[in-house]
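Enquirer: In terms of the working numbering, the sequence shown opens at residue 786 and continues consecutively.
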Amino acid sequence: ECGRGSYYKNQTQTCELCALNSYSNESGKTECIQCPTSHGTLQRGSSSLSDCVVSCSVGHMLNLTSDKCVPCPHNFYQNQSGKHYCFPCPPLHGTYSVGSTHLDNCT
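(1) Return the chain-ordered list of same chain residues with a C-beta closer than 7 angstroms to the C-beta of P856, the five sequence neighbours on each side being excluded.
(2) Less than 8 angstroms between the beta carbons of C820 and S807, yes or no?
(3) Which of helix, strand or coil does DSSP assign to S807?
(4) What are the start and end residues of the beta strand (DSSP E) that includes K794?
(5) Name the one or two DSSP bridge partners that P821 has.
Below, the structure written as structure tokens:
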């Protein structure tokens, strides 16, 4: 029997972790539950609805303390949605504004 955060995959007869943006809060399930609209998980294998957090757009990150999306600060960028961190610009490069969405914004 597969534990929480996973499901039984009939085709392979194995336990698989729930994919990103889904969870399984009970053992013995054959599928995972999708997070509500505009929410997602930060990792695979989530086991609770509370693991579904606000999914932020590119140029933003989830503040894990406030559960709110905030723009990436100066000299950082995020080119993927749903993340709780931003990437730093390379040394001697920076951004002109907050909320940068691509490495190319680091000049």
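We treat Cβ as the ideally placed atom computed from N, Cα and C, and that holds for glycine.
Expert: With the structure as the only source:
(1) Stepping through the sequence shown from its first residue, residue 856 is reached at position 71. Here P856 has G844, H845, V883, G884 as same chain residues with Cβ atoms under 7 angstroms from its own Cβ, once five neighbours each way along the sequence are excluded.
(2) Here residue 820 refers to the residue found at position 35 of the sequence shown. Here residue 807 refers to the residue found at position 22 of the sequence shown. Closer than 8 angstroms, so yes.
(3) Taking the sequence shown and counting its residues from 1, one reaches residue 807 at position 22. Here S807 sits in strand by DSSP.
(4) As a working note, residue 794 is residue 9 in the sequence shown. Segment 791-794, the beta strand (DSSP E) holding K794.
(5) Along the sequence shown, one-based indexing puts residue 821 at 36. Bridge partners of P821 according to DSSP: none are assigned.
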